[in-house]
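Per this note's numbering, the sequence shown starts with residue 10, numbered consecutively. All remarks here apply to the structure that follows.
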Amino acid sequence: MRAKVNNTDGIFPMPVLMIATYNEDGSVNVMNAAWGSMQSRGHVVLKLTETHKTVENIKARGAFTVSIADAAHMVEADYFGIESGNDVPDKFERSGMTASKAENVDAPIINEFPLCLECEFVEYQGGEYGCGVIGKVVNVTADESVLVNGELDMSLVNAIAFDTYTHGYYKVTERIGEAFQAGLKLKK
């Protein structure tokens with residue numbers, strides 16, 4: 010038997026993505042964006058409105074980075090979603106985190122987050138059902154602490170996910186199967 014849930018129509022899990030840009034004065038701006046995904050191989054899509062300081066920066070600089078938030082930095086990740094760069098221009102400095110310039114785009118990498126995608130701005134799609142920011146991934150970097158024999162081990166990233174139903178964060182850590190292989194045993 011199923012029961013109606015009146016709370017929300019969200020999807021779980023939602024990624025906790027840290028979108029980093031440079032402000033016009035060169036300072037770092039970071040926002041928490043759960044409404045993001047891969048649009049196609051090599052392209053990210055972020056459902057962001059043009060009222061965000063981050064979108065203004067992306068359009069001005071033509072670039073941004075997307076970091077995967079981890080459990081060790083959940084407090085900072087949440088803070089980046091609570092404060093607006095429009096209201097608190099020094100919110101990154103207040104977080105105590107550090108940044109480095111990305112290798113291939115005019116955007117910062119947040120050093121404490123273990124996985125980062127460097128993106129070139131492709132376009133902004135507005136309107137009621139527009140998807141927002143689209144970016145082309147031009148480089149991916151990972152902290153050595155999440156690599157095993159030179160390969161990314163997602164269980165070491167300790168990524169967190171957002172639950173739209175209860176507004177909670179959850180760790181995404183355990184690998185339970187092999188994609189495109191596990192279901193083969195049911196194929197006839």
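Ideal Cβ positions, reconstructed from N, Cα and C, are used throughout, including at glycine. Quick caveat, the model's predicted, so the values are computed rather than measured.
C-alpha gap between residue i and residue j, whole angstroms
i: VAL114; j: TYR31; result: 11 angstroms
i: GLY135; j: GLY141; result: 6 angstroms
i: ARG184; j: ARG103; result: 35 angstroms
i: PHE130; j: GLU65; result: 12 angstroms
i: PHE101; j: GLY35; result: 12 angstroms
i: ASN38; j: GLY19; result: 27 angstroms
i: LEU165; j: VAL181; result: 10 angstroms
The ligand NAD heavy atom lying under 7 angstroms from the CB of residue i
i: LYS68; result: Looking at this structure, you won't find the ligand NAD or any other ligand, since it has none at all.
From the options, residue whose alpha carbon lies closest to that of residue i
i: TRP44; options: ALA80, ASP172 and ASP99; result: ASP172
i: LEU55; options: GLY139, MET106 and ALA81; result: GLY139
i: LEU126; options: ALA170, GLY51 and LEU165; result: GLY51
i: VAL169; options: ALA12, PHE189, VAL14 and LEU124; result: Checking the sequence shown, residue 169 turns out to be Ile, not Val. Among ALA12, PHE189, VAL14 and LEU124, the Cα nearest to that of ILE169 is on LEU124.
Local Cβ density within 10 Å of residue i, reported as buried at 16 or more and exposed below that
i: VAL155; result: buried
i: HIS61; result: buried
i: TYR88; result: buried
i: THR175; result: exposed
Notebook entry, point to check: Is the number of C-beta pairs between the region 43-60 and the region 18-26 that are closer than 8 angstroms three or more?
Noted result: yes
Next item on the list: Please confirm if the region 93-111 is in contact with the region 61-79, defined as three or more CB-CB distances below 8 angstroms between the two stretches.
Entry: yes
Notebook entry, point to check: Curious, which full-length beta strand (DSSP E) runs of at least 3 residues does the region 36-69 contain?
Noted result: 37-42, 45-49 and 52-55
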